[in-house]
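Trainee:
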Amino acid sequence: MNSLIYIIGFITLILIITAIHEAGHYSVARFFKVTILDFSIGMGRSLKSWKDKAETEFHLRILPIGGFVKMKGEEEGDDANSKDSFASKKYYQKVLILLAGPFANFFLAIIILTGLNIYGNTSLSSLAGFIDKDSPSFQAGFTKGDVILKIDSYKVYTRSEAQMALSRRLGETGDITFLVRSKENEKILNVSIKNWLQGEEPSDLLKNLGINIPIKPIIGKVLKNSPAENSGLETDDEILAIDNQVVTSWSEIKSNINNNLGLQSVFKVKRNEEIIYLSVVPEFSDENNEYLIGISASNKVSQEALIYQRENPLSAFTKASVQTYNVVGDSFEFLYKMITGYVSPKNLGGPVMIGQFAGESLIYGGFYSFLLLISYVSIGLGVINLVPIPILDGGQIVILTIERLKGSPISPRILDFTYRFGISAVVLLMVFAFMNDISRIGV
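In this note's numbering, the protein residues as written are 1 to 443.
(1) Is the Cβ-Cβ distance between residue 209 and residue 137 less than 7 angstroms?
(2) Note the first and the last residue of the continuous alpha helix (DSSP H) segment covering residue 322.
(3) Looking only at its own chain, which residues have a Cβ that is under 7 angstroms from the Cβ of residue 121, when we skip the five neighbours before and after it?
(4) With distances taken from CA atoms, which of 68, 196, 205, 63 is nearest residue 128?
(5) Can the beta-carbon of residue 269 be found less than 7 angstroms from the beta-carbon of residue 295?
(6) Touching or not, the stretch 13-29 and the stretch 89-105, by the rule of three or more beta carbon pairs under 8 angstroms?
(7) Within the continuous beta strand (DSSP E) that includes residue 162, where are the two ends?
(8) Which residues in the same chain have their Cβ closer than 6 angstroms to the Cβ of residue 38, if we skip the five residues on either side of it in sequence?
(9) Out of 281, 4, 191, 241, which has the shortest C-alpha to C-alpha gap to residue 225?
(10) Measure the Cβ-Cβ separation of residue 447 and residue 217 and say whether it is below 7 angstroms.
(11) Here's the rule I'm using: 16 or more other beta-carbon atoms within 10 Å means buried, otherwise exposed. How should residue 75 be labelled?
(12) For a quick check, are the C-beta atoms of residue 327 and residue 379 less than 7 angstroms apart?
(13) So, under 8 angstroms CB-CB, residue 91 and residue 420 are touching, yes? Tell me the CB distance rounded to an integer number of Å.
(14) Might you give, ordered along the chain, the residues of its own chain that have their beta carbon closer than 7 angstroms to the beta carbon of residue 62, omitting 5 neighbours on each side?
(15) Spell out a yes or no on whether the stretch 326-341 and the stretch 159-178 are touching, meaning 3 or more CB-CB pairs, one atom from each, closer than 8 angstroms.
(16) Check whether the stretch 386-400 touches the stretch 92-101, taking contact to mean three or more Cβ pairs, one atom from each stretch, closer than 8 angstroms.
(17) If we ignore side chains and look at the alpha-carbon of each, how far apart do residue 214 and residue 389 end up?
(18) Looking only at its chain, what residues have a beta carbon closer than 7 angstroms to the beta carbon of residue 162, apart from the 5 residues adjacent to it on each side?
(19) The alpha helix (DSSP H) that contains residue 394, what's its start and end?
(20) Which full runs of the beta strand (DSSP E) of 3+ residues lie inside the stretch 107-160, going along the chain?
(21) Does any residue of chain B bring its CB to less than 7 angstroms from the CB of residue 392?
(22) By DSSP, does residue 58 sit in helix, in strand, or in coil?
(23) Using the C-alpha atoms, what's the distance from residue 191 back to residue 49?
(24) Have a look at the DSSP bridge pairing and note the partners of residue 278.
(25) Relative to the C-alpha of residue 371, which residue among 99, 15, 109 is closest?
(26) Is it buried or exposed, residue 407, if we count other Cβ atoms within 10 angstroms and call 16 or more buried?
Next comes the structure, spelled out in structure tokens:
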């Protein structure tokens, strides 16, 4: 059932962002009176086709992996001298037609994010949970309960915003400057990094620095035949203390277990309003290189770690525009760091990862999360298309600009070579992304 939802989520997402992208090209081309020969969503054999009054053929094709708009005068052999051809248009008109696709994706993201900002949502705040001992954050002076206000020059209110700010420092060496509010006052903390996660596949960046989510110490699952099950621990038990040390977050449980070096511990547990005491002896896991008792968290977050955000229409639009601008900038910086080796190419995801994210957002996060995912993937599509690879919009703009500067067309032989290179680069990129997907799911 989940696989079907993943597939439906993926197809829906791709159809939406592709249709918007191609509609951008189509609309501006029509504005400049360019005849559109073919408007296709998807690739391969046509499943459904129709014509409009302008004789444009619209196609919905079998493979949901892209789309295209074919304009008159766009290819060699077309009537380039005709007034309604792409080739006959001025330089700035051609550039605007090519830019319209990516910018339509950015505009879609702004519209979606504006709606989500107006609707409102409860998110994880930037409140720091348990701080791992000997972690970079611990050494910098972070304490549990600190609220992160700013990372470097970026204001943050939620954990996801903090993650976004930290992603700008991947692969770097130096200090990450945090402005935090503690119980007493505001303070500046400098967390040292060196080639931070360079060549690695990062996940939770705050966690990597030792800043945990303040998850309640409530058991979500007990493994069969584990020390926890043998001691009598059960799902939904709330752990209040271990060996008389008060526990207020899930990460403290793990820390206490490992600090005891496998010795028996007494757990003070709340179960159905009743307080009970249970003795547990951890087992060392060679695979994880730590002591475990066989429990996992319920992922119930402390109430003080949640923040509800809702904006009026004007501030929602302004915030959405800033969000989109920041993600576009971060995406280009991320691509640069990946090309230069500061960030691992393992972070590149393909259709399997997108499908998994789309499905999980529908299953666990609902419509809100799915729309949020659409906005970010739409931005990603816009950014990728602005990369100067010949068959992409960015590459086409570079070719047009070179021709404009030299005052004559690039020779067909050179153009053919550049397009072959572009196709090869895109295919290799897709294969690499797909292989990353396969390695993630362990096939």
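Even for Gly, the Cβ is constructed at its ideal location relative to N, Cα and C.
Since we're looking at a predicted model, the values are computed, not measured.
Mentor: This is what the structure holds:
(1) The residue you call residue 209 lines up with position 209 of the sequence shown. The residue you call residue 137 lines up with position 137 of the sequence shown. Yes; because the gap between Cβ atoms is below 7 angstroms, this pair is in contact.
(2) Residue 322 sits at position 322 when you count from the first residue of the sequence shown. Element bounds for residue 322: 313-339.
(3) As a first step, residue 121 must be located in the sequence shown, where it is residue number 121. These residues qualify, in order along the chain: 309, 368.
(4) To locate residue 128, count along the sequence shown from 1; it is residue 128. Nearest of 68, 196, 205, 63 to residue 128, Cα basis: 205.
(5) Numbered from its first residue, the sequence shown carries residue 269 at position 269. Numbered from its first residue, the sequence shown carries residue 295 at position 295. No, Cβ-Cβ distance for residue 269 and residue 295 is not below 7 angstroms.
(6) yes
(7) By 1-based counting over the sequence shown, the position of residue 162 is 162. No beta strand (DSSP E) contains residue 162, which is instead part of the alpha helix (DSSP H) from 159-167.
(8) For the purposes of this step, residue 38 is taken as the residue at position 38 of the sequence shown. So the list reads 57, 70, once near-sequence residues are dropped.
(9) By one-based count along the sequence shown, residue 225 stands at place 225. Taking each of 281, 4, 191, 241 in turn and checking the Cα distance to residue 225, the smallest one comes out for 281.
(10) Residue 447 is absent from the model: the chain starts at 1 and stops at 443.
(11) On the sequence shown, residue 75 is found 75 positions in, with the first residue counted as 1. Exposed.
(12) For the purposes of this step, residue 327 is identified with residue 327 of the sequence shown, where counting begins at 1. For the purposes of this step, residue 379 is identified with residue 379 of the sequence shown, where counting begins at 1. Taking 7 angstroms as the Cβ cut-off, residue 327 and residue 379 qualify as a contacting pair.
(13) Walking along the sequence shown from the start, residue 91 turns up at place 91. Walking along the sequence shown from the start, residue 420 turns up at place 420. Actually they are not in contact, since the Cβ atoms of residue 91 and residue 420 sit about 25 angstroms apart, beyond 8 angstroms.
(14) The residue given as residue 62 occupies position 62 in the sequence shown. 42, 44, 45, 47, listed in sequence order.
(15) Judged by Cβ distances under 8 angstroms, the stretch 326-341 makes contact with the stretch 159-178, as three or more pairs qualify.
(16) yes
(17) Here the question's residue 214 lines up with position 214 in the sequence shown. Here the question's residue 389 lines up with position 389 in the sequence shown. Looking at the two C-alpha atoms, the distance is approximately 44 angstroms.
(18) Position 162 of the sequence shown holds residue 162. Here the set comprises 126, 148, 151, 156, 206.
(19) Translated into the one-based positions of the sequence shown, residue 394 becomes position 394. Segment 393-406, the alpha helix (DSSP H) holding residue 394.
(20) 121-124, 147-151
(21) Here there is only one protein chain, and chain B is not present.
(22) Residue numbering aside, residue 58 sits at position 58 when the sequence shown is read from its first letter. Of the three classes helix, strand and coil, the one that applies to residue 58 here is strand, per DSSP.
(23) The sequence position of residue 49 within the sequence shown is 49, counting from 1. The sequence position of residue 191 within the sequence shown is 191, counting from 1. So the two alpha carbons sit approximately 58 angstroms from each other.
(24) For the purposes of this step, residue 278 is taken as the residue at position 278 of the sequence shown. Answer by DSSP bridge pairing, in chain order: 267.
(25) If you number the sequence shown from 1, residue 371 lands on position 371. Of the candidates 99, 15, 109, the residue whose Cα lies closest to the Cα of residue 371 is 109.
(26) Against the sequence shown, residue 407 aligns to sequence position 407. By the Cβ neighbour-count rule, residue 407 is exposed, with fewer than 16 other Cβ atoms within 10 Å of its own.
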